[in-house]
Structure formats: C-alpha cells, structure tokens
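Residue numbering for the sequence shown follows my numbering, starting at 55 and increasing by one per position.
Report on one structure; see the data block that follows.
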Amino acid sequence: MTIANLAPLLTPVGEIIPSLKSQGYVIIGADSVAQITHTSLADLQSLAVTWEGMPRDPYLRDGGRYRYRRHGSYEVKSGVLQRVPHRAHWQSVSYNALHGGIERWFDPISPDVENNSAWQSLLLGMAHLLSSLKPVNTWFIEAHQFRIDTTDGIGRPTPEGAHRDGVDFVAVFLLDRVNIKGGKTRIFESAGSAGLRFTLTEPWSLLLMNDERMIHESTPIQPIGDYGHRDTLVLTFRSNGFQDSPKSSQQ
55 MTIANLAPLL TPVGEIIPSL KSQGYVIIGA DSVAQITHTS LADLQSLAVT WEGMPRDPYL
115 RDGGRYRYRR HGSYEVKSGV LQRVPHRAHW QSVSYNALHG GIERWFDPIS PDVENNSAWQ
175 SLLLGMAHLL SSLKPVNTWF IEAHQFRIDT TDGIGRPTPE GAHRDGVDFV AVFLLDRVNI
235 KGGKTRIFES AGSAGLRFTL TEPWSLLLMN DERMIHESTP IQPIGDYGHR DTLVLTFRSN
295 GFQDSPKSSQ Q
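Set out below in structure tokens:
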C-alpha cells in the first residue's frame, strides 16, 4: 500500500470540480472556502464560539467521554435551503460497524447557528458546488458539530475506524486544534491501494471527498500539556434521501 505523508496540497477554486472528479477528493484552503460559499472568512470564524458548551455524545460504545456533538438536517432544493424537523442520525452497520444500526438522537444545532447568514451561505455554497459535479433535484444534508477532547487522556475522532458514510459527498472542515498532537487525516481509495495522510491545521480548511470512492479516518489525539481539543464540522450530502432506520421508514 502506498501512503503519502505530506503537508496537504491545496486545490485552487477553479480546479476543485475537475480534481474532485479525477481523484475523488480535494483539500481546500480557508480563503477558498469563503469564496465558494460567498461569505467572509471572518463571518465563518465567528461561528467557532458555538462549539463551546456542546453536550457530550451519549452513544459512544467504547465507553469514552471524549466526544461532544450537535446534529442538524437540511434540504437544498432548487437553490433554496430548508431545515427539516429534527431527526435521528442513523447509519447501517455496513458503514459504521461500531455505532451502526441504532437511532442516535443528538441535541439539535442551536437556532443561533441555523439563523446565522454565514451558516446558511456555507450550506448553500457547498450544495451549489457539488451540483456542478452531480446535478440533482435535492441535496439531503446532515451537519455534525464535533468536539473531540482529551478528558480520558486520548480522544478518538473516528472510533469506528476507517469508513465510508453511505452518502454521495463528505465535507470535513477543521475549526480548531488546541494543545494537541495527532489528529492526522487518512484517506484511501476504496477500490485501490493508494492513500494520503496529512494534518489539517488552518481554521476552516476543508477536506471534500466523494464518499463512494474514498475511505477516511482521523488518528487519535493526545494533549500537549493538561488538556486539548479538536473541533470539526462534518457535512454529508446525499442525493436520494436521508439515511433512515428500517423502523423509521415503516412509520
């Protein structure tokens, strides 16, 4: 297996779609994220405070206390963003062997975030970008605010290991790294042996992946000093409806 371990090479805005089409992923700098989402970097950075005080994830099956999160679901149809009623996050065990097969009801993303113009521009801009690659009638979007900390001495961003999410595209934004080491991102071709290992360090830099082609994970974090944490935002985009448990689909 070939694994490169380099500083991430950033993709210019004009090359995002061709590169995503050819290699299945792109790494985008924060200034470019602001450009493609038609907002300012300062406005995006103002959202970072909303990662404070999030509730702890109660579903970790490894017994850990290191993950905090909020969750929201949206639709973008014909360029219009709409929040959908709060719903469970569900994945099949084929995509998440550790936490799949159960309905996970996380606390919702706060109204202060959802009503923020930068948040709305972010969702709309990403949906518009992906529609340039895969034109669809409706994007079904799930948003996950994550904080991984070192309460237990080590924090695991992806306790399920290397995985796919069962969607069309996955966008992983780094918000902050505070007093930690580790937290490297690893991506691999699902149908090959090539891989890439790198560390996102710039606030609002982005890894954007074709989930049908790429497998991804992040390595554990450890504190530098007494305590540290890593904040991310994960957006998933699906073209054929939300993933729902068989139980939900029968109701």
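Ideal placement from N, C-alpha and C gives every residue a C-beta, glycine not left out.
Predicted model only: the values in this text are computed from it and were never measured.
- For S100, the closest of M108, S293, P257 and H140 by C-alpha to C-alpha distance is P257.
- A residue is called buried once 16 or more other Cβ atoms fall within 10 Å of its Cβ, and V134, having fewer, is exposed.
- For the 8 Å CB-CB criterion, S272 and T204 do not form a contact.
- Contact check between the region 259-271 and the region 234-242: three or more CB pairs, one atom from each, fall below 8 Å, which counts as touching.
- When the beta-carbon positions are compared, Y281 and I202 stay at least 8 Å from each other.
- According to DSSP, residue pairing for E256 in a beta bridge does not occur.
- Excluding sequence positions up to five before and after D85, its CB lies within less than 8 Å of the CB of L95, all in the same chain and listed in chain order.
- With a 10 Å radius around the Cβ and a threshold of 16 neighbouring Cβ atoms, H143 comes out buried.
- Secondary structure at H198: strand, using DSSP grouped into helix, strand and coil.
- Scanning G179, E214 and R137 for the CA closest to the CA of P165 turns up R137.
- In the DSSP annotation of this structure, the continuous segment of the alpha helix (DSSP H) that includes Q99 starts and ends at L95 to Q99.
- Contact between P162 and H125 holds, since their C-beta atoms are separated by about 7 Å, short of 8 Å.
- DSSP lists Y128 as the beta-bridge partner residues of R137.
- L187 has its alpha-carbon roughly 7 Å from the corresponding atom of K75.
- Between T93 and V167, the CB-CB gap reaches or exceeds 8 Å.
- Judged by DSSP secondary structure, H182 falls within the alpha helix (DSSP H) whose first and last residues are S171 to S185.
- Looking at P139, P277, E214 and I70, the one whose alpha-carbon comes closest to that of W159 is P139.
- Taking 3 residues as the minimum length, the beta strand (DSSP E) runs contained wholly in the region 200-268 are 223-232, 234-236, 239-243, 248-252 and 260-264, in order along the chain.
- With 16 or more neighbouring CB atoms inside 10 Å of its own CB, R210 falls in the buried class.
- The three-state reading of DSSP puts I278 in coil, since its state is none of H, G, I, E or B.
- Under the three-state reduction of DSSP, V87 is assigned to helix.
- The Cβ-Cβ distance between F291 and V226 does not fall below 8 Å.
- Closest by C-alpha distance to R251, out of P66, S259, G237 and N264, is G237.
- In this structure, the CA atom of H283 is about 24 Å from the CA atom of R218.
- Annotated three-state conformation of T286 is strand, per DSSP.
- Going by beta carbons, D230 and A102 fall inside the 8 Å limit.
- Residue pairing by DSSP places I82 opposite L260 in a beta bridge.
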